[in-house]
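Novice: Got a structure for you, questions after.
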Amino acid sequence: MTKKVKISLFSILALVVILSGWGYLSLFGNPIKMNDAEEKVRAYLIQQKGYSPEEIIDITGNYSFTSSEAPYGASVTFADQPNDKYHYGLFKGGHIEQYSYTSDNPIHLESPIR
278 MTKKVKISLF SILALVVILS GWGYLSLFGN PIKMNDAEEK VRAYLIQQKG YSPEEIIDIT
338 GNYSFTSSEA PYGASVTFAD QPNDKYHYGL FKGGHIEQYS YTSDNPIHLE SPIR
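Below is the structure:
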C-alpha cells in the first residue's frame with residue numbers, strides 16, 4: 278500500500294472512532310456525569326431533605342437524551358417503599374428537583390419548585 282492509501286485509511290478509521298464515541302455519549306450519556314448525578318442527589322436527600330443514609334436503598338444515575346433541561350439525574354429507591362422509584366433531575370442552574378415517581382401511594386412526594 279502506498280503512503281497516501283495508508284493515510285486515507287487511518288483518517289477514515291479515526292473519523293469512525295470519533296463519531297462512534299460521540300454517538301454513544303449522545304445516546305447513553307457520560308458515565309462520569311451519571312455517577313456525579315448519583316452523588317449530588319444523595320447529598321441533596323441527606324443534607325437538604327433530612328433523610329438518613331439507611332432510609333435510602335439505592336440511587337442509580339441516569340441520562341435522557343430527550344431532556345434539554347435536565348439530561349442527567351437519578352432514580353432513588355427508599356427503604357420503606359422498596360418496589361417504587363422516585364426520579365430526580367439535575368436541572369440547569371444547579372438545582373435538583375423530583376420530577377416523577379412510580380408509586381401508587383407516594384410517601385416521599387416533593388412539591389415542585391417551579
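Residues 278 to 391 in this note's numbering are what the sequence shown lists, from first letter to last. Built from N, CA and C at the ideal position, the CB exists for glycine as well. Please read all numbers here as calculations on a predicted model, not as lab measurements.
(1) I need the boundaries of the alpha helix (DSSP H) containing D313, first residue and last residue.
(2) Considering Cα atoms alone, identify which of I295, V282 and P383 is closest to N360.
(3) Which residues in the same chain have their Cβ closer than 8 Å to the Cβ of F368, if we skip the five residues on either side of it in sequence?
(4) Note the first and the last residue of the continuous beta strand (DSSP E) segment covering Y328.
(5) My guess is that K362 and T379 are in contact by the Cβ rule of under 8 Å, so how many angstroms apart are they, rounded?
(6) On the DSSP letters alone, give me the boundaries of the beta strand (DSSP E) that K362 sits inside.
(7) On the DSSP bridge list, what partners appear for V353?
(8) If you draw a straight line from the alpha carbon of E387 to that of E315, how long is it in whole angstroms?
Specialist: The relevant details are as follows:
(1) Translated into the one-based positions of the sequence shown, residue 313 becomes position 36. That run of the alpha helix (DSSP H) goes P308 to A320.
(2) By one-based count along the sequence shown, residue 360 stands at place 83. Ranking I295, V282 and P383 by Cα distance to N360 puts P383 first.
(3) Here the question's residue 368 lines up with position 91 in the sequence shown. For F368, where only same-chain residues beyond five positions count, the Cβ hits under 8 Å are E346, A347 and E374.
(4) Within the sequence shown, residue 328 is the residue found at index 51, counting from 1. Careful: Y328 lies outside any beta strand (DSSP E) and carries neither H nor E.
(5) The sequence position of residue 362 within the sequence shown is 85, counting from 1. The sequence position of residue 379 within the sequence shown is 102, counting from 1. Sure, about 5 Å apart at Cβ, within 8 Å.
(6) Along the sequence shown, one-based indexing puts residue 362 at 85. Residues Q358 to L367.
(7) Numbered from its first residue, the sequence shown carries residue 353 at position 76. DSSP, once it has assigned bridges, lists I336 and Y363 as partnering V353.
(8) To locate residue 387, count along the sequence shown from 1; it is residue 110. To locate residue 315, count along the sequence shown from 1; it is residue 38. Approximately 18 Å between the Cα atoms of the pair.
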